[in-house]
Amino acid sequence: MTTRILTGITTTGTPHLGNYAGAIRPAIAASRDPQMDSFYFLADYHALIKCDDPARIQRSRLEIAATWLALGLDTDKATFYRQSDIPEIPELCWLLTCVAGKGLLNRAHAYKASVDKNLEQGEDPDAGVTMGLFSYPVLMAADILMFNAQKVPVGRDQIQHVEMARDIGQRFNHLFGKGKDLFVLPEVVIEEEVATLPGLDGRKMSKSYDNTIPLFGSAKQLKDAVARIVTDSRLPGEPKDAEGSHLFTLYQAFATPAQQAEFRAELEGGLAWGEAKNRLYQLLEDTLGEARERYNALIARPADLEDILLAGAAKARKIATPFLGELREAVGLRSFREQVQVATGEKKKASKSARFVSFRDDDGSFRFRLLDADGEQLLLSKSFADGKSAGMINKRLQSGEPLDVRAEGLAFSVWIDGENVASSPEFADGQALEAAITRLREALAPQE
13 MTTRILTGIT
23 TTGTPHLGNY
33 AGAIRPAIAA
43 SRDPQMDSFY
53 FLADYHALIK
63 CDDPARIQRS
73 RLEIAATWLA
83 LGLDTDKATF
93 YRQSDIPEIP
103 ELCWLLTCVA
113 GKGLLNRAHA
123 YKASVDKNLE
133 QGEDPDAGVT
143 MGLFSYPVLM
153 AADILMFNAQ
163 KVPVGRDQIQ
173 HVEMARDIGQ
183 RFNHLFGKGK
193 DLFVLPEVVI
203 EEEVATLPGL
213 DGRKMSKSYD
223 NTIPLFGSAK
233 QLKDAVARIV
243 TDSRLPGEPK
253 DAEGSHLFTL
263 YQAFATPAQQ
273 AEFRAELEGG
283 LAWGEAKNRL
293 YQLLEDTLGE
303 ARERYNALIA
313 RPADLEDILL
323 AGAAKARKIA
333 TPFLGELREA
343 VGLRSFREQV
353 QVATGEKKKA
363 SKSARFVSFR
373 DDDGSFRFRL
383 LDADGEQLLL
393 SKSFADGKSA
403 GMINKRLQSG
413 EPLDVRAEGL
423 AFSVWIDGEN
433 VASSPEFADG
443 QALEAAITRL
453 REALAPQE
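Just so you know, we're using our numbering here: the sequence shown kicks off at 13 and counts up by one.
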């Protein structure tokens with residue numbers, strides 16, 4: 013059973029050590045877990061809310077994409093894409109905007125903070141507030157619900173937005189689901205053990221405080237930044253308080269337990285701060301040096317990065333395109349042909365005539381096929397050890413519960429509880445694939 017996990021990275025700045033330890037490193041580790049279906053994207057539409065400098069946004073997109081790949085993200089295992097390359101996301105954002113309550117959005121922390129600041133300064137409450145800022149939670153909901161992510165790792169300041177995505181998704185399900193859940197309701201993941209690194213001045217490392225250490229600056233830039241870390245006035249030979257030292261906290265985030273213990277002992281034994289900073293610099297250089305070389309090589313080949321991201325977008329759209337088609341259908345944006353059928357009271361042939369055929373393989377395992385009205389095979393199940401297990405899956409497919417259909421090349425598969433239970437044959441082209449998915453949904457739709 014796999015769990016779909018989704019994380020967005022806003023493209024407004026250059027990644028620093030805090031981004032790496034707090035978000036990038038744990039996310040890449042999670043993507044290597046075979047139980048995780050990982051979706052990571054560059055949130056460049058979100059960046060437009062915060063930044064009106066096109067050159068900065070373009071550079072940030074390049075740097076962040078290169079950073080994730082240089083640090084080892086395997087795009088064969090994870091789906092890595094730019095938000096702006098998925099046109100289904102802004103269309104879904106509009107569908108969700110039409111059901112999202114203004115009162116809900118009025119309570120968003122970022123909007124309320126802007127209003128409070130304006131009132132303190134005697135300004136109009138909405139001075140300087142764009143619809144991008146006000147509607148930010150709806151776009152974030154579209155990011156999450158587009159791929160029916162089950163888990164969304166976020167910082168504490170984003171918990172409210174995931175809860176809003178749940179509220180909006182639940183409202184949409186209620187209005188248009190006809191008894192089934194079109195959207196999975198996401199759950200927040202707060203990773204308590206993920207490192208929050210101090211910056212040069214001891215406050216949380218943040219671009220807002222201008223106290224960051226760039227992740228992939230040159231060796232000289234890294235050494236100069238480490239040299240600026242604030243320490244106390246204890247002289248060489250005087251014992252240092254490792255636990256109270258920002259420098260030691262940074263060292264801990266990259267060192268092995270043995271290295272941490274040794275460094276602690278040396279600090280408490282009187283190691284000079286200058287030498288301690290040299291030790292931290294060397295550790296960071298050993299940890300990030302090779303990745304920096306890969307990063308610089310990727311930055312020098314932007315066309316290669318473009319190809320990787322477009323391939324990721326194509327992978328993501330194999331899910332997004334058919335799903336958006338289902339959502340358009342649900343809200344009434346349907347083909348006129350279907351409207352004629354509904355108006356004349358005709359039953360769709362596929363939903364009336366599709367049938368399951370159960371059989372046993374030569375090895376004694378149990379399987380079943382789903383044939384459409386014309387006898388064409390839509391699905392072939394996986395092998396089951398016993399007839400009861402096959403029958404339970406067969407029954408659930410016919411129960412009317414929401415279908416998790418995932419396109420894979422020119423074929424698709426059906427998943428239940430995170431497990432691939434049946435697959436289609438390969439179709440001639442994308443149009444035939446989408447038509448087959450539509451026939452499948454019609455065949456398994458609840459009968460009125």
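A virtual CB, placed ideally from N, CA and C, is assigned to each residue, including glycine. These numbers were taken from a predicted model, which means no experiment stands behind them.
>> Looking at the strands, I want to know which residues DSSP matches up with F260.
In response: None; F260 has no bridge partner.
>> Does R73 pass the burial test, meaning 16 or more other C-beta atoms within 10 Å, or should it be called exposed?
In response: buried
>> In whole angstroms, give me the CA-to-CA distance for L409 and G113.
In response: 34 angstroms
> In angstroms, rounded to a whole number, what distance separates the CA positions of T15 and P38?
Replying inline: 16 angstroms
> DSSP on N160, reduced to helix/strand/coil?
Replying inline: coil
> So, does the CB of L108 fall closer than 8 angstroms to a CB anywhere in chain D?
Replying inline: Absence of chain D from the displayed structure is noted, only one protein chain being present.
>> Taking the alpha helix (DSSP H) that G115 belongs to, which residues open and close that run?
In response: K114 to N118
> Whose C-beta lies closer than 7 angstroms to the C-beta of I518 among residues of the same chain, with five residues either side of it excluded?
Replying inline: Examination of residue 518 is not possible in this model, given that the chain is present from 13 through 460 alone.
> Quick check: the region 18 to 34 against the region 51 to 65, are there 3 or more CB pairs under 8 angstroms?
Replying inline: yes
> Within 10 angstroms of its Cβ, does T79 collect 16 or more other Cβ (buried), or is it exposed?
Replying inline: buried
> Do K216 and P210 have their CB atoms nearer than 8 angstroms?
Replying inline: yes
> At which residues does the beta strand (DSSP E) containing N432 begin and terminate?
Replying inline: E431 to S435
> Apart from the five residues on each side of it in sequence, which residues of its chain come closer than 6 angstroms, Cβ to Cβ, to K359?
Replying inline: Low local confidence applies: a pLDDT of 45 at K359 is under 50, so the model's placement there is unreliable, with the coordinate-based value given in what follows. So no residue of the chain qualifies.
> Are the Cβ atoms of L339 and L107 separated by less than 8 angstroms?
Replying inline: yes
>> For A267 and L227, which I take to be in contact (beta-carbon distance under 8 angstroms), what is that distance rounded to the nearest angstrom?
In response: Wrong, their Cβ atoms sit about 17 angstroms apart, outside the cutoff.
>> Nearest by alpha-carbon distance to E454: which of M404, S230, D138 and L390 is it?
In response: L390
> Assuming E431 contacts M48 under a Cβ cut-off of 8 angstroms, what Cβ separation, rounded to an integer in Å, is found between them?
Replying inline: Actually they do not touch by this definition, with Cβ atoms about 14 angstroms apart.
> Whose C-beta lies closer than 6 angstroms to the C-beta of R244 among residues of the same chain, with five residues either side of it excluded?
Replying inline: Residue identity check: residue 244 is Asp in the sequence provided, not Arg. Taken in chain order, the list of residues that qualify is empty.
> Going straight from the alpha carbon of P99 to that of G30, what length do you get?
Replying inline: 31 angstroms
> DSSP puts S393 in a beta bridge; with which residues?
Replying inline: A434
> So, are the CB atoms of L151 and A303 less than 8 angstroms apart?
Replying inline: no
> Does DSSP put S464 in a helix, in a strand, or in coil?
Replying inline: In this structure the chain extends from 13 to 460, so residue 464 is not present and cannot be described.
>> Taking DSSP's pairing of strands, which residues face F51 in a bridge?
In response: L18 and T91
> Should A362 go down as buried or exposed, given a rule of 16 or more other Cβ atoms within 10 Å for buried?
Replying inline: Only weak support exists for where A362 lies, its pLDDT of 39 falling under 50; the coordinates are left without a value.
> Can you tell me the Cα-Cα spacing of N308 and G282, whole angstroms?
Replying inline: 38 angstroms
> Can you list the alpha helix (DSSP H) stretches of 4 or more residues lying completely in the region 218 to 254, in chain order?
Replying inline: 231 to 239
> Near V201, what residues of its chain come up, given a Cβ to Cβ distance below 6 angstroms and the 5 sequence neighbours on each side ignored?
Replying inline: K163 and P165
>> If the criterion is Cβ atoms closer than 8 angstroms, does the pair I320 and T23 meet it?
In response: no
> Among G229, R119, H58 and L310, which one has its Cα closest to the Cα of R94?
Replying inline: H58
> How would you call F348, buried or exposed, if buried means at least 16 neighbouring beta carbons within 10 angstroms?
Replying inline: exposed
> Who are the near neighbours of I171 in its chain, counting only those whose CB is closer than 8 angstroms to its CB and skipping five residues on each side?
Replying inline: V200 and I202
>> Would A385 and A397 be called neighbours here (beta carbons separated by less than 8 angstroms)?
In response: no
>> Can you check which of these residues, S395, R346, A125 and K330, is closest to D374 by C-alpha distance?
In response: S395
> Using the rule of at least 16 other Cβ atoms within 10 Å of the residue's Cβ for burial, across every protein chain shown, is G357 buried or exposed?
Replying inline: Per-residue confidence for G357 stands at a pLDDT of 49, beneath the threshold of 50, marking its modelled position as unreliable; the derived number appears in the next sentence. Per the 10 Å Cβ criterion, exposed.
> With respect to the alpha helix (DSSP H) encompassing V174, which residues constitute its N-terminal and C-terminal limits?
Replying inline: I171 to F188
> When DSSP labels each residue in this structure, what does G146 get in the three-state scheme?
Replying inline: Sequence check: residue 146 is Phe here, not Gly. Of the three classes helix, strand and coil, the one that applies to F146 here is helix, per DSSP.
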